[in-house]
């Protein structure tokens with residue numbers, strides 16, 4: 566078991582973390598001290614959270630023994646935690662292997678979609694959607710997937726509906742390519758080695774050398790256009806959104822059915838308005 570000093574350090578990091586979309590108020594250190602005292606610290610909850618983090622670190626399915634080793638739990642303790650997660654719908658068991666379910670996303674998405682930067686961005690997103698009469702969404706990167714955290718759908722007979730919390734493979738989306746291309750150079754070899762370029766349609770790029778070239782081009786031009794690589798009949802274009810420090814907080818995306826727009830039209834008509842909207846959002850975030 567970790568000692569009190571380690572627990573205090575962990576709690577301090579948790580309370581001081583601002584995250585991509587959350588704004589955390591200042592917390593009295595005495596409250597943190599109380600929270601990690603032997604009387605108030607909930608060891609079982611901490612062990613359960615560590616199991617969830619272990620799956621995120623390893624990015625793979627794990628056996629009971631692997632979970633116990635990775636988290637420092639006993640086999641019996643790991644088993645109880647895993648079976649609790651399975652019963653509550655946050656994990657599944659496939660033979661000897663355990664894996665998390667998308668329900669885990671519910672633990673954070675209500676916060677991601679309702680606080681901080683995306684609160685500020687939402688009016689700009691809604692204004693752009695009304696102007697171009699198309700659906701606009703915002704997404705963040707989670708490993709090698711994009712997670713949609715905000716957006717608005719313009720009502721048409723044929724519309725592009727993306728709900729908050731929805732996940733898509735990053736390699737086949739405009740938002741994903743913008744966000745992957747923004748990763749530091751030193752992370753590219755690991756990313757390109759680990760990412761799975763699943764074929765979503767017959768247009769999906771699945772060759773890693775070609776994909777790397779696409780990301781390099783996206784990084785240089787500052788935006789990404791994906792034409793029917795995620796879904797037949799759908800195009801999307803995305804631009805990154807920067808926080809005050811200059812780091813990317815996510816990307817804004819416009820998705821349009823190919824029945825209504827050509828790739829050239831996306832670049833000539835939609836991109837300038839999308840870039841102007843993102844600039845307005847970035848300026849608002851600096852105030």
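In the working numbering, the protein residues as written are 566 to 852. Note that the Cβ used here is the ideal one computed from N, Cα and C, for glycine as well.
With distances taken between CB atoms, is the gap from residue 702 to residue 715 smaller than 8 angstroms? The answer is yes: Cβ separation under 8 angstroms.
Taking 7 angstroms as the cut-off, is the C-beta of residue 662 nearer than that to any heavy atom in the ligand PLP? The model depicted lacks the ligand PLP and carries no ligand whatsoever.
Helix, strand or coil for residue 638? Go by DSSP, reduced to three states. Residue 638 falls in the coil class under three-state DSSP.
As a quick exercise: from 773, 791, 829 and 842, pick the residue whose alpha carbon is nearest that of residue 807. It is 842 whose Cα lies nearest to the Cα of residue 807.
To which residues of the same chain is residue 613 closer than 6 angstroms at the C-beta, ignoring the five residues directly before and after it? Within the same chain, residue 613 has close Cβ partners 646.
Collapsed DSSP secondary structure at residue 596 in the structure displayed: Note that residue 596 has pLDDT 46, beneath the 50 cutoff, so the model's placement of it is unreliable and no number is given.
Mind checking whether residue 742 and residue 783 have CB atoms under 8 angstroms apart? Yes.
State yes or no: is the C-beta of residue 756 within less than 8 angstroms of the C-beta of residue 744? No, the Cβ-Cβ distance between residue 756 and residue 744 is not below 8 angstroms.
Per-residue burial, residue 787 [other beta carbons within 10 Å of its own, 16 or more giving buried]: Around the beta carbon of residue 787, a 10 Å sphere encloses fewer than 16 other beta carbons of the protein chains shown; the residue is thus reported as exposed.
Which partner residues of residue 628 appear in the DSSP bridge assignment? Per DSSP, 662.
By a C-beta neighbour count over all protein chains shown, 10 Å radius and 16 as the cutoff for buried, is residue 641 buried or exposed? Classification of residue 641: exposed, given that the 10 Å Cβ count is below 16.
With DSSP as the reference, label residue 707 as helix, strand or coil. Correct three-state label for residue 707: strand.
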